[in-house]
Amino acid sequence: MLRSIADLATRRPRAILALTGLLFALAVIIGGPAAGLLDTSGNPFTDPDSETEQARERLESAAGEEAGVGLIALVDASEGIESSAVRDRVDSVAATLAADPAVARTLTTYETGDPALVSRDGESTYVAAVFADVADDDIDEAVEGFEAEFGAEPAVTLGGPALAGGAVGDQVGEDIGKAEALAFPLLFALSLIFFRGFVAALLPLFVGILTIFGTFLVLRLINAELPLSIFALNLVIALGLGLAIDYSLFIVSRYREELARSGAGAEALRRTLATAGRTVLFSTLTVAAALASLLLFPQQFLYSMGIGGVIVALIAAATSLVALPALLALLGPRVNSLAPKRLRGASERVARGESTGGWYRLSRAVMRRPALIAVLTSVLLLLLGSQFLRIAFTGFSAENLPETSAPRQVDDALDEDFPTNPSSSLIVAIEAGPSAEEDVTALGDEIAGLTGVAAVEPPRYLGADTWRADVVSDSEPLDDQSQELVDAIRSLQTPLPVGVTGETADFVDQQSSLASRLPLALAVLCLTTLVLLFLLTGSLILPIKALLMNVLTLSAAFGLLVLIFQDGRLEGVLGYESEGALESTQPVLLFALVFGLSTDYAVFLLSRIKEARDEGLDETEAVARGLERTGRIVTAAAVLFCVAIGAFATSQIVFIKELGVGTALAVIIDATLIRALLVPALMALLGKWNWWAPAPLRRLHRRVGLSEG
29 MLRSIADLAT RRPRAILALT GLLFALAVII GGPAAGLLDT SGNPFTDPDS
79 ETEQARERLE SAAGEEAGVG LIALVDASEG IESSAVRDRV DSVAATLAAD
129 PAVARTLTTY ETGDPALVSR DGESTYVAAV FADVADDDID EAVEGFEAEF
179 GAEPAVTLGG PALAGGAVGD QVGEDIGKAE ALAFPLLFAL SLIFFRGFVA
229 ALLPLFVGIL TIFGTFLVLR LINAELPLSI FALNLVIALG LGLAIDYSLF
279 IVSRYREELA RSGAGAEALR RTLATAGRTV LFSTLTVAAA LASLLLFPQQ
329 FLYSMGIGGV IVALIAAATS LVALPALLAL LGPRVNSLAP KRLRGASERV
379 ARGESTGGWY RLSRAVMRRP ALIAVLTSVL LLLLGSQFLR IAFTGFSAEN
429 LPETSAPRQV DDALDEDFPT NPSSSLIVAI EAGPSAEEDV TALGDEIAGL
479 TGVAAVEPPR YLGADTWRAD VVSDSEPLDD QSQELVDAIR SLQTPLPVGV
529 TGETADFVDQ QSSLASRLPL ALAVLCLTTL VLLFLLTGSL ILPIKALLMN
579 VLTLSAAFGL LVLIFQDGRL EGVLGYESEG ALESTQPVLL FALVFGLSTD
629 YAVFLLSRIK EARDEGLDET EAVARGLERT GRIVTAAAVL FCVAIGAFAT
679 SQIVFIKELG VGTALAVIID ATLIRALLVP ALMALLGKWN WWAPAPLRRL
729 HRRVGLSEG
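Structure representation (structure tokens):
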């Protein structure tokens with residue numbers, strides 16, 4: 029197949045590029061608006077089949093309104109809560125909110141007489157709005173109207189769950205623009221160095237832009253049937269640029285080798301795709317398989333990332349294996365244009381197989397003391413990874429927004445200045461008819477007696493055999509005590525079916541959902557990696573060793589994330605406020621993403637080692653030649669990828685920072701400690717056993733293996 033693509037690219041390069049241009053134009057026109065169409069409503073971190081969602085749906089169906097407070101208008105009451113000016117202001121705000129058909133009812137301290145709606149210092153109060161059980165689009169439209177209505181009113185600040193999701197979506201869009209503005213110039217400047225020429229440096233941007241807009245097109249088509257989270261855009265852009273750089277660097281470097289070896293022509297392109305192209309194909313499969321494991325999770329955030337990641341990997345490969353070869357066929361030797369002579373000579377030295385480079389000497393030095401290097405490197409990685417053992421998790425909330433955001437300001441005020449935060453109470457759904465009031469009241473009293481309960485509102489009948497009781501914990505939402513309270517309510521011995529929803533219940537069920545699906549996701553991830561690396565190498569040992577290397581990389585990266593974000597050690601440098609925990613879906617996402625990227629770099633290295641070994645070199649020399657031929661490429665790819673993904677460290681959303689920083693750290697660790705030190709040390713220790721496989725598997729590989737050549 030790859031030979032056919034090379035022949036087609038050689039014969040019809042202009043036709044391929046013309047078709048590519050047409051598809052790109054369609055992608056820009058149709059896919060370009062995708063950023064404004066992806067979902068920003070609701071909580072993308074919940075399991076739609078969880079108990080908390082079932083309880084919420086029961087309450088909403090019975091009451092005809094949403095289960096919790098959706099919007100909170102914080103009102104300045106500095107003139108005094110009993111003053112007519114403050115009362116008129118609160119009544120005006122409540123009337124404006126209630127006039128919208130999407131609002132079912134409003135709550136004020138004047139109507140309810142509830143002192144909890146007034147701050148402890150009496151300087152502020154709030155109007156709480158509960159939305160009707162209507163479509164998300166209707167609520168979004170109402171929220172936009174309220175923001176326009178009160179945007180210029182300094183005495184009113186809007187917040188609440190209905191605004192937090194949209195605010196995060198807006199912030200993500202703003203952060204993407206800033207990240208692109210930061211990353212693109214830096215990527216191009218570094219590409220000039222790593223690609224050793226102006227013309228060659230443009231190629232990864234060519235592949236990257238095609239990949240990103242092509243993915244936007246596919247995401248828009250999928251989003252029409254399956255709503256995808258806005259957060260997928262971060263991964264699509266960063267991974268699209270990163271893979272474009274990786275694949276372009278590998279193919280262009282190999283093409284330059286073949287030009288130096290045999291000159292321009294069809295054979296150079298055939299040989300490039302038969303070797304580097306095949307490696308890119310394997311790399312794509314490993315990355316796509318790793319990210320496909322996220323599709324096993326029901327949380328919109330995770331499966332959106334999985335869909336986006338798989339699509340971007342496949343489109344990056346298609347662009348690198350079809351459009352890029354056509355462009356190389358047109359360029360021929362001009363791929364080296366505007367490159368200094370000294371840098372062009374480097375490709376010629378690699379093509380001649382010289383054994384004088386720095387990576388060659390490093391690998392030889394490592395393999396002279398392989399046991400010592402392997403032990404020291406492993407100990408360092410394990411020490412870093414040990415920090416992961418004390419990880420704590422938190423959930424998604426308005427606290428993830430920057431302090432300048434109105435929903436964050438409202439949430440902070442409710443937590444700090446008011447007796448209770450209506451957005452964070454537990455809501456108990458009790459299944460019983462209207463005649464069961466005595467039993468329901470007794471159940472409410474039993475809940476009130478549980479450890480950790482600050483208050484319980486008397487249960488009220490909603491209809492459809494459903495009662496509601498609001499429970500206030502005496503601990504902060506998501507605290508261990510609040511989570512234990514959720515479990516305690518669910519564990520009550522009562523004949524009445526009980527369900528619990530609310531912020532803390534959401535988090536408890538999210539943890540349960542992630543834990544229940546994680547073993548299957550890990551099994552799929554490991555199995556696909558083993559199979560793909562076996563098909564590449566014909567070895568059983570090398571795939572197992574690659575899995576162990578990935579685990580060491582991940583554990584070290586996770587340990588550093590705990591030190592940085594959980595402990596807050598770089599708050600000033602990275603511009604964030606530590607929550608004392610990591611957002612709980614990030615380790616799952618990072619595991620899949622980093623696992624795929626680490627295997628990606630392993631494929632690059634192992635393919636060149638195997639190629640050298642197949643040429644007749646002994647084990648040690650094959651490893652040294654393989655590292656010499658890939659060391660610079662993998663390091664360059666890692667640096668460029670870190671710029672692409674690390675740019676999201678500038679995000680104002682803390683868990684997007686965690687994604688950018690965590691991935692960048694893992695890539696750096698993998699490209700340095702793992703590939704430069706641990707892999708060659710272990711290859712030297714194992715010797716010929718690196719390539720061992722049972723006889724049946726060897727025969728299988730001879731029949732179905734897809735090794736280079």
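Numbered according to the working numbering, the sequence shown spans residues 29 to 737.
Beta carbons are placed, not taken as given, at the ideal position from N, Cα and C, and that holds for glycine.
C-beta atoms of residue i and residue j nearer than 8 Å
i	j	result
Val114	Ala105	yes
Leu352	Val246	no
Leu390	Ala704	yes
Leu356	Tyr283	yes
Val738	Leu277	Lying before the first or after the last residue shown, residue 738 is absent from the chain, which here runs from 29 to 737.
Val456	Ile517	yes
Leu330	Thr613	yes
Ala677	Thr422	no
Ala63	Gly201	yes
Leu324	Arg42	no
Leu215	Leu668	yes
Asn251	Leu36	no
Gly527	Gln199	no
Ser606	Asp698	no
Pro615	Phe586	yes
Thr648	Met395	yes
Pro487	Ala476	no
Simplified DSSP state of residue i, which is helix, strand or coil
i	result
Phe421	strand
Val657	In the sequence under discussion, the amino acid at residue 657 is Arg, which differs from the Val named in the question. In this structure, Arg657 counts as helix in the three-state DSSP scheme.
Arg133	strand
Gly336	helix
Asp498	strand
Ala183	coil
Trp717	helix
Gly141	coil
Leu542	helix
Glu643	coil
Leu408	helix
Ala123	helix
Glu736	Since pLDDT at Glu736 reaches only 47, below the 50 mark, its modelled position is unreliable, and the value read off the structure follows with that caveat. Looking at Glu736 - three-state DSSP - the assignment turns out to be coil, as it is neither helix nor strand.
Ser257	strand
Leu442	helix
Asp203	helix
Asp35	helix
Val146	strand
Among the options, nearest to residue i - alpha-carbon criterion
i	options	result
Pro708	Ser414, Ala650, Val131 and Cys554	Ala650
Gly480	Pro487, Arg703, Asp508 and Leu490	Asp508
Thr314	Leu588, Pro615 and Pro571	Pro571
Ala91	Ile100, Leu66, Glu208 and Val162	Val162
Thr48	Ala316, Leu693 and Ala354	Ala354
Asp493	Glu639, Leu87 and Ile258	Leu87
Thr581	Leu655, Gly690, Tyr604 and Leu99	Gly690
Leu442	Arg396, Phe683 and Ser152	Ser152
Phe159	Glu181, Thr137 and Leu191	Leu191
Arg641	Lys716, Gly60, Leu249 and Gly205	Lys716
Met29	Leu550, Thr303, Leu359 and Leu99	Thr303
Ile673	Ile204, Leu655, Leu429 and Leu576	Ile204
First through last residue of the beta strand (DSSP E) which encompasses residue i
i	result
Phe159	Ser152 to Phe159
Ile455	Leu454 to Glu459
Val363	Counting along the chain, Val363 falls outside any beta strand (DSSP E), and DSSP gives it neither H nor E.
Thr529	Val526 to Thr529
Val484	Val481 to Val484
Segment limits, alpha helix (DSSP H) that includes residue i
i	result
Arg488	First-last for Arg488: Arg488 to Gly491, but that is the beta strand (DSSP E), not the alpha helix (DSSP H).
Arg389	Gly386 to Arg396
Val350	No alpha helix (DSSP H) holds Val350; DSSP gives it neither H nor E.
Thr239	Phe226 to Asn251
Leu520	Leu520 -> no alpha helix (DSSP H), and no H or E assigned at all.
Glu605	Counting along the chain, Glu605 falls outside any alpha helix (DSSP H), and DSSP gives it neither H nor E.
Asp166	Asp164 to Phe178
Asp473	Glu465 to Ala476
heavy atom of the ligand SAH below 7 Å from residue i C-beta
i	result
Arg496	This structure lacks the ligand SAH; in fact it carries no ligand of any kind.
Start-end ranges of the alpha helix (DSSP H) lying completely within the region 40-99, minimum 4 residues: 41-54 and 79-91
Every unbroken alpha helix (DSSP H) inside the region 562-597 [4 residues or more]: 569-589
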